[in-house]
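Here is the structure we will look at.
2 protein chains.
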Amino acid sequence: MSDQRLSAEARRHAARFQRVRDAHQTELAEDYVELIAKLIEETGEARLVDLADWLGVTKATVNNTIQRLQRDGLVTSKPYRSIFLTAEGEALARMSRERHRTVRDFLIALGVDPQTADADAEGIEHHVSQVTLDKFKEFLERK
Amino acid sequence: MSDQRLSAEARRHAARFQRVRDAHQTELAEDYVELIAKLIEETGEARLVDLADWLGVTKATVNNTIQRLQRDGLVTSKPYRSIFLTAEGEALARMSRERHRTVRDFLIALGVDPQTADADAEGIEHHVSQVTLDKFKEFLERK
DNA sequence: AATCAATATTAGTATAAGCTAACTTTTGGG
DNA sequence: CCCAAAAGTTAGCTTATACTAATATTGATT
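For the protein sequence lines, the chains are R and H, in the order given. Just so we're aligned, residue 0 is where the first sequence starts under numbering that gives the first Met the number 0, counting upward by one. Just so we're aligned, residue 0 is where the second sequence starts under numbering that gives the first Met the number 0, counting upward by one.
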């Protein structure tokens, strides 16, 4: 399928781009389930209005997104009721939180202040491969 | 303006989210100008079809995006003619390439293989603050 | 110089993520 | 226990990013 006309470099570049575009599609889902898990753990429930507050978006936006997450099998929700994670959603949440924590701890170990580490980790976490994550962990252990 | 009802933690979380959402808006612009600069440097021009190939999207998509970049003052383009960077676009391209290189080199210094480093840098670069970038540079110098 | 292949544009569509405003449902304090 | 405030939903809009298919322009080769 690959176009003969294209250089290997161009093809690699395009593939990397594809990967980033794909990551964007899962980012929001990861952020939502991560936050839902946190809220359930700490307050016993994840209400739409809390998600909206913690995410800094409107209730209507959260409602939309929750519909999509439900369609995609990550959460369950009934009208006017609290939101829950499916088994798949919980697995994704666990993975995301673990990765988030590793990235954050790594940045702090590097000398970045906790505030900035938090902020940067939020964006970076979704783009770190397992290979890189393992190197982060190695670095943390060596410290 | 800040809602009394919200915990400091929730407010910080929302602010981080806002920041990531904002970053997403500039990501594509950065990727485009970075690539345009590279193509002009290496081949003398940046054609729409080349951008499409290197980004792995269709010509129509590139055309749309270039319109937006032009509207935003980052590139100039005339119908059926090659694309150029404005002064602002060039500044952004320089900044992006420098940051991209630092992230990539840092990952390699950490022990990540070049292929993976390239791929991860593509996603990570847009979410690294100046503070973190400086720590990456420090690490590279210490090596 | 004419024609055709390569390149660029336009039109029309889809999906995701956001918003405001209006509405309905739930719930808790008097 | 009722009713107002809080919470959730819906409708309708916007912008960005993608797509395909059709069209228009350019430029290179015969």
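Idealized CB from N, CA, C, for every residue including glycine.
Within 8 Å, do at least three Cβ pairs link the stretch 9-22 of chain R to the stretch 110-126 of chain H? Taking a contact to require three or more Cβ pairs closer than 8 Å, the stretch 110-126 of chain H and the stretch 9-22 of chain R qualify as touching.
Excluding the five sequence neighbours on either side, which residues of its own chain have a C-beta within less than 6 Å of the C-beta of L50 (chain R), listed in chain order? Around L50 (chain R): V61.
Exposed or buried, A59 (chain R), counting other C-beta atoms within 10 Å across all chains shown (16 or more means buried)? Counting Cβ neighbours within 10 Å, A59 (chain R) comes out exposed, since fewer than 16 surround it.
Go through its chain and collect everything with a Cβ distance to T75 (chain H)'s Cβ below 7 Å, but skip five positions before and after it. Taking C-beta separations shorter than 7 Å and ignoring five residues to either side along the sequence, the partners of T75 (chain H) in its chain run Q69, F83, T85, following chain order.
For the candidate residues R:Q66, R:G43, R:L27, whose alpha-carbon lies nearest to that of L54 (chain R)? The candidate whose alpha carbon is nearest that of L54 (chain R) is R:L27.
Between K142 (chain R) and A108 (chain R), is the Cβ-Cβ spacing less than 7 Å? Judged by beta-carbon spacing, A108 (chain R) lies within the 7 Å limit of K142 (chain R), meaning their Cβ atoms are closer than that value.
Nearest chain H C-beta to T42 (chain R) closer than 7 Å, yes or no? Put simply, the CB of T42 (chain R) is far from chain H, with every gap to its CB atoms at 7 Å or more.
Alpha carbon of I35 (chain R) to alpha carbon of A45 (chain H), nearest angstrom: In a straight line, the C-alpha of I35 (chain R) is about 45 Å away from that of A45 (chain H).
From the DSSP output, read off the bridge partner residues of F105 (chain H). DSSP, once it has assigned bridges, lists no residue as partnering F105 (chain H).
For E121 (chain R), go through chain H and note every residue whose CB falls closer than 8 Å to its CB, in chain order. Within 8 Å Cβ-Cβ: R15, F16, R18, V19, H126.
If you reduce the DSSP assignment to three classes, tell me which class S95 (chain H) lands in. DSSP, reduced to helix, strand and coil, places S95 (chain H) within a helical segment of the structure shown.
Rounded to a whole number of angstroms, what is the C-alpha to C-alpha distance between M0 (chain R) and D52 (chain H)? Residue placement at M0 (chain R) cannot be trusted, given a pLDDT of 39 that sits under 50; the coordinates are not used to answer.
At the 7 Å Cβ level, is K134 (chain H) part of the contact set with chain R, yes or no? Answer yes: the Cβ-Cβ gap between K134 (chain H) and chain R drops below 7 Å somewhere.
Would you decide whether S6 (chain H) is buried or exposed? Buried here means 16 or more other CB atoms lie within 10 Å of its CB. Its Cβ having fewer than 16 others within 10 Å, S6 (chain H) is exposed.
Under a three-way DSSP split, which group does T75 (chain R) fall into? Residue state, collapsed to three classes: strand.
F83 (chain H) bridges to which residues according to DSSP? Note: F83 (chain H) sits in a beta bridge opposite H:T75.
Is the shortest distance between the beta-carbon of T57 (chain R) and the beta-carbons of chain H less than 7 Å? No, because no Cβ of chain H sits closer than 7 Å to the Cβ of T57 (chain R).
Short of 6 Å in beta carbon distance, which residues of its chain neighbour K39 (chain R), apart from the five on each side in sequence? Order them along the chain. The sequence as given places Ile at residue 39 (chain R); Lys does not occur at that position. The answer, listed in chain order, is A45.
Tell me the DSSP secondary structure of M0 (chain R) in three-state form. Residue placement at M0 (chain R) cannot be trusted, given a pLDDT of 39 that sits under 50; the coordinates are not used to answer.
Within chain H, the residues that H12 (chain R) reaches when beta carbons sit closer than 7 Å: For H12 (chain R), the neighbours in chain H by C-beta distance under 7 Å run, in chain order, W53.
Taking C-alpha atoms, which residue in R:S128, R:S81, R:D112 lies nearest to P113 (chain H)? Of R:S128, R:S81, R:D112, the residue nearest in Cα terms is R:S128.
Are the C-beta of T131 (chain H) and some C-beta of chain R separated by less than 7 Å? Yes, T131 (chain H) counts as interfacial toward chain R.
Tell me whether Y79 (chain H) is buried or exposed, calling it buried when 16 or more other Cβ atoms sit within 10 Å of its Cβ. Exposed: under 16 other Cβ atoms inside 10 Å.
What's the call for D2 (chain H), buried or exposed, on a 16-neighbour Cβ count within 10 Å? By the neighbour-count rule (16 or more Cβ atoms within 10 Å), D2 (chain H) is not buried but exposed.
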